[in-house]
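Engineer: Got a structure here, written out as C-alpha cells. Questions coming.
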DNA sequence: GTCTATACCCTGATAGAC
DNA sequence: GTCTATCAGGGTATAGAC
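Residue numbers (this note's numbering), protein chains in the order written: chain A, 5 to 219; chain B, 5 to 219.
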C-alpha cells in the first residue's frame, strides 16, 4: 500500500504524463524517468507503449468514483446541482492548468487519430461511465424535469457541452469560453425546468418558425 | 491555375494529410511524396514543418466561405436553417469517413497539446470566423429569437455542440452521437423560439428549482 | 524481476551540385 | 528553384547478464 509496486508506478506515472503532455509526446524515456523504472522492467509488464495506455484508461474507468465523482460531489446532494458541480470540477482543472488541460479522456480521444479498437473501446467505455453518472442525476431529479425528457440523451448532451467547452477554452486559452458553454447549458436546463413546472399544458409544439423550405 | 505551383501543391497536400492522419502522424516524407516535391523545395519555401501547418490554417481561414459555408448553404436561405445546414455538412463528413474525421480545426486543436502561440492564434481565428458566420445567421433571425438572447454566446454554443458531438461520434464510431447532440440543440432552439413568440410576457424566472444550497 | 547496453528505424532538417 | 544524398537525434523495443 505504501510503496506501490513497479507496475502500478508505471501506470500512475503514465496517467500523469499522458494528461500533461499527451500520449504521442510522452516518450518511453520520459515514462521510465518519471516512474524511476528501467526499460527492461517496463517491457516485462507490458508488450508495448500502447498497452500502458490501455492500463491507464482502465484505471480511469475503475476509478471514476474515487478520482472524479466523489471529490466533485463533496457536500452536494441535490441531483441537478451535481450536474453542474461536476462541470465546475472541469473548470477548476482548466483554471489550475492555465487552460492547458481538463479532460484526459477527451484529449486522448482527439489526439489519437486512428486509435486501435481496444483503445477506442476503452475511451468509449469511459465516456459511457460518465454519462451513466449524469443520467442517474437526471433520473433522480424526477418531476423537476419534463417527464417526456430523454434522460440519457440529455446526459450525453451534458458531456458534449463539457468537451466542446473544454476544447474552446483550451484553444483560446480563456476559461470564459468554457463558462459560456456551461451558461448556455444552464439556460437550457432552466427552460426544461419551466416545462416541467407547467406539465404538458399550454402551447406545446411552437417550434422556431421556418420561412424557407425545411430540411 | 491548371498546374498549381510547388508551394501551393505542398499546402494543399498538407491540408489533406493533416486532416486524414493528423499533424503529428504526417511525416515530411509523407508530405513530399503526396505533393510530389523534393525535400530541398519544401525547405526552400518553409523554414520547417510547423510553418506548413500555419499556411494550412491560413488557407482554411481564407477559404471558409468557398470551402465550407457556400457549399453548406447551397439553396438554403432561411438564416436558422443555415445553422443546421452547416451542422449537416459536418454530419456528412462524419458519414463519408466512417466517423473518422469531420472538423479539421477541432482535431488539430486537441491534437496539439501545447501548440506554439502562432498556431494557437490561427486555430482561434478559425473558430472565431466560424462563430461570426453563425452569429450573423442568428442576428438575421431577428424577432424569431428572444430579443434579449446573446447572439454571439449562442453561436459559440453551436460550435461547442458541433465539436463535442463530433468528438463523441468519432470515439463511438457512430454518427448517432452527433445526431443526438444536434437534436438537443434543436430542442433548445425550439424553446428559444417559443420564448420569442411570447415576448417577455408570462412567468419568466422560473428556473429549475434547487433543493440543496446553490452554487 | 531488474539492470545496462544497444539495435534499428524513422524523424525533421541540411549540404551542396545543378 | 530543384534535385540527391545524407546527417544527427530521438523514438520504440530488445538482448542478455544478473
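We put the beta carbon where it would ideally sit given N, CA and C, even for glycine.
Leaving out the 5 sequence neighbours to the left and right, which residues in its chain are closer than 7 angstroms to residue 106 of chain A when beta-carbon positions are compared?
Structural biologist: Here the question's residue 106 of chain A lines up with position 102 in the first chain. Excluding sequence neighbours, residue 106 of chain A sits near 94, 97, 98 and 170.
Engineer: Starting from residue 133 of chain B, follow the alpha helix (DSSP H) in both directions and report where the run begins and ends.
Structural biologist: Taking the first residue of the second chain as 1, we reach residue 133 of chain B at position 129. Unbroken alpha helix (DSSP H) run through residue 133 of chain B: 121 to 144.
Engineer: Please state whether the Cβ-Cβ distance between residue 126 of chain A and residue 61 of chain A is less than 9 angstroms.
Structural biologist: Mapped onto the first chain, residue 126 of chain A falls at position 122. Mapped onto the first chain, residue 61 of chain A falls at position 57. Contact: yes.
Engineer: Starting from the Cα of residue 139 of chain A, find the closest Cα among A:147, A:155 and A:40 and give me that residue.
Structural biologist: The residue you call residue 139 of chain A lines up with position 135 of the first chain. Residue A:155 is the option with its Cα nearest to residue 139 of chain A.
Engineer: Could you pull out every residue in the same chain whose Cβ sits closer than 6 angstroms to the Cβ of residue 223 of chain B, ignoring the five residues on either side in sequence?
Structural biologist: The structure shown does not extend to residue 223 of chain B, since chain B is modelled only from 5 through 219, so no value can be given for it.
Engineer: Closest to residue 52 of chain B by CA distance: which of B:63, B:35, B:66 and B:64 is it?
Structural biologist: Position 48 of the second chain, counted from the start, is the residue given in the question as residue 52 of chain B. Cα-wise, what sits closest to residue 52 of chain B is B:35.
Engineer: Keeping to the same chain, check which residues put their C-beta closer than 8 angstroms to that of residue 102 of chain B; ignore five residues upstream and five downstream.
Structural biologist: As a working mapping, residue 102 of chain B is identified with position 98 in the second chain. Here the set comprises 177.
Engineer: For residue 39 of chain A and residue 66 of chain A, I'd like the C-alpha separation in whole angstroms.
Structural biologist: Residue 39 of chain A sits at position 35 when you count from the first residue of the first chain. Residue 66 of chain A sits at position 62 when you count from the first residue of the first chain. Residue 39 of chain A and residue 66 of chain A: Cα-Cα distance of roughly 21 angstroms.
Engineer: Secondary structure at residue 117 of chain B, three-state DSSP: helix, strand or coil?
Structural biologist: On the second chain, position 113 is the one that residue 117 of chain B refers to. Of the three classes helix, strand and coil, the one that applies to residue 117 of chain B here is coil, per DSSP.
Engineer: Between the beta-carbon of residue 23 of chain A and the beta-carbon of residue 111 of chain A, is there less than 9 angstroms?
Structural biologist: Counting from one through the first chain, the residue named residue 23 of chain A turns up at place 19. Counting from one through the first chain, the residue named residue 111 of chain A turns up at place 107. Yes.
Engineer: Only counting runs of 4 or more residues, tell me where the alpha helix (DSSP H) segments fall wholly within the stretch 35 to 112 of chain B, in order along the chain.
Structural biologist: As far as the stretch 35 to 112 of chain B is concerned, its whole alpha helix (DSSP H) runs of at least 4 residues are 43 to 49, 53 to 66 and 83 to 100.
Engineer: By Cβ distance below 8 angstroms, which residues in the same chain neighbour residue 205 of chain A in space, the five residues on each side in sequence not counted?
Structural biologist: Stepping through the first chain from its first residue, residue 205 of chain A is reached at position 201. Confidence at residue 205 of chain A is low in this model, with a pLDDT of 49, below 50, so the placement of that residue should be treated as unreliable; the coordinate-derived value is given next. So no residue of the chain qualifies.
Engineer: Buried or exposed: where does residue 114 of chain B fall if 16 or more other Cβ atoms within 10 Å of its Cβ makes it buried?
Structural biologist: Working through the second chain from its first residue, we reach residue 114 of chain B at position 110. Looking at its Cβ environment, which holds 16 or more other Cβ atoms inside 10 Å, residue 114 of chain B is buried.
Engineer: Can you list the residues of chain B that residue 69 of chain A reaches, using a CB-CB cut of under 7 angstroms?
Structural biologist: As a position in the first chain, residue 69 of chain A is number 65, starting the count at 1. Going along chain B, no residue has its Cβ under 7 angstroms from residue 69 of chain A, so there is no contact; the nearest lies around 20 angstroms.
Engineer: So what's residue 30 of chain B in DSSP terms, helix, strand or just coil?
Structural biologist: On the second chain, residue 30 of chain B is found 26 positions in, with the first residue counted as 1. In this structure, residue 30 of chain B counts as coil in the three-state DSSP scheme.
Engineer: Kindly indicate if chain B contains any beta-carbon less than 9 angstroms away from that of residue 217 of chain A.
Structural biologist: For the purposes of this step, residue 217 of chain A is taken as the residue at position 213 of the first chain. Any reading at residue 217 of chain A needs caution, since the residue's pLDDT is 49, under 50, leaving its predicted position unreliable; the model's value is listed next. Yes, residue 217 of chain A counts as interfacial toward chain B.
Engineer: For the stretch 83 to 105 of chain A, list every residue whose C-beta sits within 8 angstroms of some C-beta in chain B, in sequence order.
Structural biologist: So the close ones are 84, 85, 104 and 105.
Engineer: Hey, would you say residue 120 of chain A sits closer than 9 angstroms to residue 54 of chain A, going by beta carbons?
Structural biologist: As a position in the first chain, residue 120 of chain A is number 116, starting the count at 1. As a position in the first chain, residue 54 of chain A is number 50, starting the count at 1. Cβ distance < 9 angstroms, so residue 120 of chain A and residue 54 of chain A count as in contact.
Engineer: What whole-angstrom Cβ distance do residue 57 of chain A and residue 123 of chain A have, given they're in contact under 8 angstroms?
Structural biologist: Position 53 of the first chain, counting from 1, holds the residue named residue 57 of chain A. Position 119 of the first chain, counting from 1, holds the residue named residue 123 of chain A. The pair is a contact, with the Cβ atoms about 6 angstroms apart (cut-off 8 angstroms).
Engineer: Of all the CB atoms in chain B, is at least one closer than 9 angstroms to the CB of residue 175 of chain A?
Structural biologist: The residue labelled residue 175 of chain A in the question sits at position 171 within the first chain. Residue 175 of chain A counts as touching chain B.
Engineer: Which residues, in chain order, does the stretch 49 to 81 of chain B contribute to contact with chain A at a C-beta distance below 7 angstroms?
Structural biologist: Within the stretch 49 to 81 of chain B, the residues whose Cβ lies closer than 7 angstroms to some Cβ of chain A are 80 and 81, listed in chain order.
Engineer: The alpha helix (DSSP H) that contains residue 191 of chain B, what's its start and end?
Structural biologist: Along the second chain, one-based indexing puts residue 191 of chain B at 187. Start and end: 179 to 201.
Engineer: Mapping the DSSP letters down to three states, classify residue 278 of chain B as helix, strand or coil.
Structural biologist: Chain B is shown from 5 up to 219; residue 278 of chain B falls before or after that span and cannot be answered.
Engineer: For chain B, is any of its Cβ atoms less than 9 angstroms away from the one on residue 171 of chain A?
Structural biologist: If you number the first chain from 1, residue 171 of chain A lands on position 167. Residue 171 of chain A counts as touching chain B.
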